[in-house]
Structure formats: structure tokens, C-alpha cells
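Residue numbers (our numbering), protein chains in the order written: chain Y, 3 to 255; chain W, 0 to 225; chain S, 442 to 661. Positions of the beta carbon are idealized from the N, C-alpha and C atoms, including for glycine. Here the structure is a predicted model, which means the values were calculated and not measured. All remarks here apply to the structure that follows.
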Amino acid sequence: MVGDEIVLRVENIHKRYKDQEVLKGVTFEVRRGETKVIAGPSGAGKSTLLRCINLLTKPDKGRVWLEGVELTDPETNINKMRQKIGFVFQEFNLFHHLTALENVMIGLTKVKKLPKDVARKKAEEALLTVHITEDLWHKYPAQLSGGQKQRVAIARALAMDPVIILYDEPTSALDPQLVGEVLRVMEELARKGVTGLVVTHEIGFALEVADEILFMYGGRILERGPPREVVFSPKHEVTRKFFENITKLYGGK
Amino acid sequence: MAGMDPVWWEYIPYILQGAIWTFTLVGGGLALGFAIGVPVAMGQKYGPTWLKAVLDAYVWFFRGTPLVVLLFLFYWGVFPVLLGIKLDALTTSIIVLGLRSGAYQSQIFRGALNSVDEGQMLAARALGMTKWQAITNIILPQALRIAIPGWTNEYAIILKDSAICFTLGVIEILTRTRYVVISTGEALGPFLFAGILYIIFTYGGTKVFNIIYEKYHIPGLVGKGV
Amino acid sequence: MGFWEEFIPLVLHGAVNTLWVLVISIPASVALAIALGSARVYGNAPIKAIATAFVVTFRGFPLVVTLFLLFFGLADLGIYLTPYQTATLAFVLCGGSYMSEYVRGAIRSIDIGQSLAARALGMTKFQELIYIILPQAIRRALPGLSNEIIYQIKYSSLAFVVGYEEIFAVSKTFISRYFMPLQVFMVDAALYLAMTTAAAYGLRALEYKLRIPGLEMSIR
Numbered sequence: 003m004v005g006d007e008i009v010l011r012v013e014n015i016h017k018r019y020k021d022q023e024v025l026k027g028v029t030f031e032v033r034r035g036e037t038k039v040i041a042g043p044s045g046a047g048k049s050t051l052l053r054c055i056n057l058l059t060k061p062d063k064g065r066v067w068l069e070g071v072e073l074t075d076p077e078t079n080i081n082k083m084r085q086k087i088g089f090v091f092q093e094f095n096l097f098h099h100l101t102a103l104e105n106v107m108i109g110l111t112k113v114k115k116l117p118k119d120v121a122r123k124k125a126e127e128a129l130l131t132v133h134i135t136e137d138l139w140h141k142y143p144a145q146l147s148g149g150q151k152q153r154v155a156i157a158r159a160l161a162m163d164p165v166i167i168l169y170d171e172p173t174s175a176l177d178p179q180l181v182g183e184v185l186r187v188m189e190e191l192a193r194k195g196v197t198g199l200v201v202t203h204e205i206g207f208a209l210e211v212a213d214e215i216l217f218m219y220g221g222r223i224l225e226r227g228p229p230r231e232v233v234f235s236p237k238h239e240v241t242r243k244f245f246e247n248i249t250k251l252y253g254g255k
Numbered sequence: 000m001a002g003m004d005p006v007w008w009e010y011i012p013y014i015l016q017g018a019i020w021t022f023t024l025v026g027g028g029l030a031l032g033f034a035i036g037v038p039v040a041m042g043q044k045y046g047p048t049w050l051k052a053v054l055d056a057y058v059w060f061f062r063g064t065p066l067v068v069l070l071f072l073f074y075w076g077v078f079p080v081l082l083g084i085k086l087d088a089l090t091t092s093i094i095v096l097g098l099r100s101g102a103y104q105s106q107i108f109r110g111a112l113n114s115v116d117e118g119q120m121l122a123a124r125a126l127g128m129t130k131w132q133a134i135t136n137i138i139l140p141q142a143l144r145i146a147i148p149g150w151t152n153e154y155a156i157i158l159k160d161s162a163i164c165f166t167l168g169v170i171e172i173l174t175r176t177r178y179v180v181i182s183t184g185e186a187l188g189p190f191l192f193a194g195i196l197y198i199i200f201t202y203g204g205t206k207v208f209n210i211i212y213e214k215y216h217i218p219g220l221v222g223k224g225v
Numbered sequence: 442m443g444f445w446e447e448f449i450p451l452v453l454h455g456a457v458n459t460l461w462v463l464v465i466s467i468p469a470s471v472a473l474a475i476a477l478g479s480a481r482v483y484g485n486a487p488i489k490a491i492a493t494a495f496v497v498t499f500r501g502f503p504l505v506v507t508l509f510l511l512f513f514g515l516a517d518l519g520i521y522l523t524p525y526q527t528a529t530l531a532f533v534l535c536g537g538s539y540m541s542e543y544v545r546g547a548i549r550s551i552d553i554g555q556s557l558a559a560r561a562l563g564m565t566k567f568q569e570l571i572y573i574i575l576p577q578a579i580r581r582a583l584p585g586l587s588n589e590i591i592y593q594i595k596y597s598s599l600a601f602v603v604g605y606e607e608i609f610a611v612s613k614t615f616i617s618r619y620f621m622p623l624q625v626f627m628v629d630a631a632l633y634l635a636m637t638t639a640a641a642y643g644l645r646a647l648e649y650k651l652r653i654p655g656l657e658m659s660i661r
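See below:
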């Protein structure tokens, strides 16, 4: 499933907030069809890194390419490129004034300028893919459960036919009993070959689905490799401690 | 002599006709205030620093100065002397009510814009929307809804303030009531009647705004209060 | 004498008159607001009804109408008020009614635990209100009250309709002698802006001074 073609390349990203250097030179790449998990303690710069990729946050230094186009080039139309990068937020950020279906449609109609009926079809497909059934399509976000909201948010990203989906701790804001339904959807997408870059503490998901784990610490990638290697026989003491704690906390499936 | 004066209630239709002028003032002032207030709020939130400073000064001036002073300043000063144009009392009143309501409405709307959480903008940009697309498709539709209760309030305020336009001689409810007082020599009845009329219009109008609110509010979403 | 030499002392005299009304009407409005707000939450049914009717009336009447009613309307009943009395009373009735809404909202926002704890201590309803609820509620209502106080400063300009010699009244008369409306009314605007801005800062300082550490208080 995973090809050789590199779709996302991140090179030497630096980001500083006032007196704190959050990212100190991060480099990695993602191949088509791959699922990569970024793990690490809070404050390691994981979320900042994701936002630097689609330039919701502007990196101070470093470059990002998507399918060979440099996003960090000021000449690049970033809005055009963002259409190809799905983004799933920890807090869902569904548009409050739109129904589930409209949330998925709006990117298609307003950004991609698809005709309404085409957009609607695509949106319905995306919703069904994430198991949001028809009875929920006309509900407003405030009428949905957390797990449903996040699945709609995934559908919103998915409907845009993205090259890659970035997930920023997609299950952290959910009640424990709702985490499963979201992870299952993410896993299904990964198995279908949707390229993903996932910031998460869900070790079970990483072990099952990820092709590689990037372990971030202090604004750098401290360690990387196949999930089992990084989780069970890491090279660094901090890595070992981190996964040990997280396994205890989350009961490591 | 007093016995020969007509009784005041015979003039009720005459007073009621003033409602046409009152609502011209209110409608004109609210509409102009909306046309000013929304862009001012957007400028204050999203504009460059120099623009924010200019808009802040505008809001400060029109919120801090009494309406009656503004009416006289514009009717006798700004329009004829400074700009060299002669405007009638009604037009001047609508413009002044609108300029002042714009200052207040910008505050209402800015509060509404601020209560739309940051994540909405982020998610819109992440979909590839431009800042402008995000504002028009995502932020504005939410903020406009959140602002409805604020506007309901603004309606009640501008309705009552429209009475102050009697000072320029606009023949609205209060001007007519005063004519009746002068010509009948009775004050208590006519002024009470006028007062009650304003109460009725306040509540009637508020009802209309509430219907609009019910129609457009987003199920399950509680506005964070403005 | 020139325009400025004549106008400035005159308008300052008007400003003193304006302030003379406000120093009475503002504290009296706050006191009335507390009474009305408390009555509407804590009163029995008839008291509630009376307080509500009072508030609906004086919030619903435009202030100019209230001024005319008190000055000319009461005269029909043989009650003659001076312009100063009329202005002060009208501002208190109107301001107190508007402010009472904030007091009422603030009282209702105090959590039920406060009331339960007060009663558990054996306090009467009245003691509970005075010692427990109001000290918290007034702090919460303060931002709203501040707004209304600033409104009252501006609306004090309407006292001219009953012939009270305040800032605007003297200005209006003055332009019939020197037709310099731009200058005259800009001076008025400046005076009101100075008063409202100073009041806004003063009231914010008061809010800060009265804040309860660790408690997020303000509601609007």
C-alpha cells in the first residue's frame, strides 16, 4: 500500500514564541499511503509542528513541500494548497451555524467551487465513510456527541480529496467511551490508503496502524522508527519513560 | 376659557400619525447604523492599526456625546457651516441617529465577533478559505445571529431616543404631543398617552426581534452572551 | 467682550449646574436600583408586581417624556416642581429603573449555595439579602451600573427641556447671540466627553478596587 513517492516533506522547521523555542529544526517526510504517528510529551511542539505544515502557524525557518510544491515559498497560493491538506482539530472546530452535512459541503462549494448537487453527493459519501448516518446529517454541531462531531470533522477533511490528513490529537477532547469510534474511522481510512499524519497519545492506534512513530522531545525528533521498536525498545531513556507512563495512563491496548 | 379648549383625546389620531415619522427615524437610524456598525466592527477587529485608531475615535466621540448635542452640532454646525449643505430636520436626525447607532452597533457586533471562537477561523483557513471567505462564510453568519439580542436592545434605545428629535421639529410622536399640550392646555393626559405609546412600540418591536431570533438561532448553541 | 470670553464662563456655569444634578441623581439612582432589583427577586407577589410595573414604566418612557410629565403633567394636579427638582427626580426614576435590571440579574446569578448557607446559619431572608447576596450582587452589577451612570451623564443634557440651565441649555441660548454653532456645540461635546471618559476611568478603578480576589465577577 505504501509507495515510494514522497508526498510531504518537512525540512528543518524552526518556531519560536517570544523567549521559547518550540521547534528546533524538525525534518521528516511522509510517503503516499503512509500513516505516521507523532508522539511525545506535551510541550514537545507536536501541535505547533502540524500547524506549521499547512502554515496556520508560520514557521520562522525551514521549508515544507507537498507533492513537490513548496508551501513555504511566498509565491505559492497557500489557500490552494490547504485544500489538499486535511486538518482535524482536537476541539473539532465544526462550524456552529451549519448542519453536519453543510459543514462537509462548505469547503466543496465555497473553496472548490463545486456545484451544489455534486458537493452534496460527495459530502454524503464522506459522511457515510465515517459512519455518520442520514438521521444525523441535518443536526447542528451542538446537537451531536463529541465522537460524532469529530467524525463529521474527519468527513469535512476527507471530502476535499486531500493528499494527506493531519490529525491534531483528535481524541484528546473526547470522553473515553467515545474515543473508540473515532479511532476506528481513522484506522479504516488508513487501511484504505488515505495518507495520515497523526499527533496522538493512543499507543494502541500507533502500534496497530502506524508505519512509523516520530517521538518528539524538546522541539526535536528525538527518535523514530517502526512502532514496536520505538515503543518497546527505544534508544533513549526519556522515550522509554514516556511510553511506560502513557501505557499506564491509557491502559495501552 | 378652559372650557372652550378642545379635549386632548380628540387629537389621538393626530398623535398616532406621528408614529410614521418616529418609525422613519428608527428604521432609518437602525439601518444606517447597521451599515456603519458592521464594517466598523470588522475594521476594529481585522483592520490595520491606523484604521483601528480612527474607528476607536469615531466610536468614542459618538458614544460619549449626548444625542441632543449631536443633533444641534450637525443641524446648525457640521452640515451648513462646515460642509455647506442645508439638510432638513428629518434627514439630519436620521443621519445623526445612524452615526450614533453605528457607534453602538459596532460595539454590539464586535462583541459578537469576539464570541465566535478562534477555532472557527482556523478550521476555515485549514479548508483553504481565504481570510475574506472565512469571514463572510463562517464568522459573519454566526456573529450576525449572536448579535440579534443586542440589536433588540438597540431598537428599544433608538426608539426612545427618537423622541429627542422633537428638538429639531421633526413631527414625530413627541412633537405632536407637545402641540396638543399647547393647544389644549392639558399636559398629564397627552404626555402619559405618549409614554404608553412608546412602551407599546418597545414591546411590539422587541417581539418582532424575538421572532427573528427564534427563527435564526442555531439549535443547541447558546450564544456566549454579548 | 469676545465670543470665547463670554461663552467659556457661561458654559462652565452650566457644567456646574449639570454636576449639581448628577451628584444627587446618580447615588439616588443606584439606591433606587438596589431597592427595585431586590424587591423584584425577594419581594412577595404584590411587591414584585409593583416594582415590575414601576420599572416597565420608567424604562419604557423616553426620558424627555418623563421630564415633561413631571414638570407639566404634575402641574395639572397642582404639584409644581422646580426645573432642578424635575431633572433630578426624572433621572432617578429613569436611571434607577434601568440600573435595577442589572441588580436583579446579578442577584439571580448568585449561586443558590450562598442562600442555603446563609439560611443554615439562621439568617432571615432580609439578613441574607443585606449581608450575603447584595454585597456580591452589587459587585457583579457594577459594570452594568457604570454604563448606566455614563448614560445618565449624557442624558442630563435633556434637562434643558424643562428650562434647567445646564451645559446644553446655556449653549442653545448662546448661539442666538453669537451664531457660532460649530464652536459652541463642539465645546459642549468636549465637556461631555471629558465627563464620560473621566467617569469611565473612575468607575473602572472602583470596580477593580471592589473586586473579590480569585473571583471572576463581572457580568453584563
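Mind checking residue i: buried by the 16 CB within 10 Å criterion, or exposed?
| i | result |
| --- | --- |
| N247/Y | exposed |
| I548/S | buried |
| T202/Y | buried |
| A600/S | buried |
| I181/W | exposed |
| V232/Y | buried |
| A582/S | buried |
| D170/Y | buried |
| Q179/Y | exposed |
| D2/Y | The displayed coordinates of chain Y run from 3 to 255. Any statement about residue 2/Y would go beyond what the structure contains. |
| K124/Y | buried |
| V6/W | exposed |
| T91/W | buried |
| P148/W | buried |
| V80/W | exposed |
| Q22/Y | exposed |
| T48/W | exposed |
| N209/W | exposed |
Checking contacts by CB at 9 Å: is residue i closer than that to chain S?
| i | result |
| --- | --- |
| A1/W | Low confidence applies to A1/W: its pLDDT is 48, below 50, so where it sits in the model is not reliable enough to give any reading. |
| F108/W | no |
| E185/W | yes |
| L191/W | yes |
| T23/W | no |
Under 8 Å by Cβ, that's how I've got residue i and residue j pegged, so tell me the actual separation to the nearest angstrom.
| i | j | result |
| --- | --- | --- |
| A155/W | T201/W | 5 Å |
| L96/W | S161/W | 7 Å |
| G206/Y | I167/Y | Between I167/Y and G206/Y the Cβ distance is about 19 Å, and since that is not below 8 Å, they are no contact. |
| A1/Y | L110/Y | As shown, chain Y starts at 3 and ends at 255. That puts residue 1/Y outside it, with no answer to give. |
| H140/Y | Q141/W | Their Cβ separation, rounded to whole angstroms, is 18 Å, which puts H140/Y and Q141/W out of contact at 8 Å. |
| A102/Y | L129/Y | 7 Å |
| M621/S | F444/S | 6 Å |
| N14/Y | K63/Y | 7 Å |
| P164/Y | I87/Y | 6 Å |
Which one or two residues does DSSP pair with residue i in a beta bridge?
| i | result |
| --- | --- |
| L10/Y | V32/Y, L68/Y |
| E268/Y | Examination of residue 268/Y is not possible in this model, given that chain Y is present from 3 through 255 alone. |
| M218/Y | I223/Y |
| A192/Y | Partner(s): none; A192/Y has no beta bridge. |
| V452/S | DSSP output for V452/S lists no bridge partner at all. |
| K26/Y | H16/Y |
If you measure from the beta carbon of residue i to each beta carbon in chain W, is any gap under 9 Å?
| i | result |
| --- | --- |
| L176/Y | no |
| A155/Y | yes |
| A646/S | no |
| N260/Y | Look at the range of chain Y in this structure, 3 to 255, and you will see that residue 260/Y is not part of it. |
| S659/S | Note that S659/S has pLDDT 46, beneath the 50 cutoff, so the model's placement of it is unreliable and no number is given. |
| L586/S | no |
| T527/S | no |
| S612/S | yes |
| D629/S | yes |
Using the beta-carbon of each residue, which ones in chain B are nearer than 9 Å to residue i?
| i | result |
| --- | --- |
| M188/Y | No chain B appears in the structure shown, which is made up of the protein chains Y, W and S. |
Determine, using beta carbons only, whether residue i comes closer than 9 Å to chain Y.
| i | result |
| --- | --- |
| Q104/W | no |
Review point. Fully enclosed by the stretch 121-209 of chain W, which alpha helix (DSSP H) runs are 4 residues long or longer?
Key: 130-133, 139-145, 147-160, 172-183
**Study point:** Ordered list of alpha helix (DSSP H) runs contained in the stretch 511-584 of chain S, each at least 4 residues
**Key:** 524-550, 553-561
Practice item. With a floor of 4 residues, list each alpha helix (DSSP H) that falls wholly inside the stretch 129-189 of chain Y, ordered by position along the chain. Key: 148-160
Review point. Considering only residues of the stretch 66-108 of chain Y, which uninterrupted alpha helix (DSSP H) runs meet the minimum length of 4 residues and lie entirely inside it, listed in chain order?
Key: 80-84, 102-108
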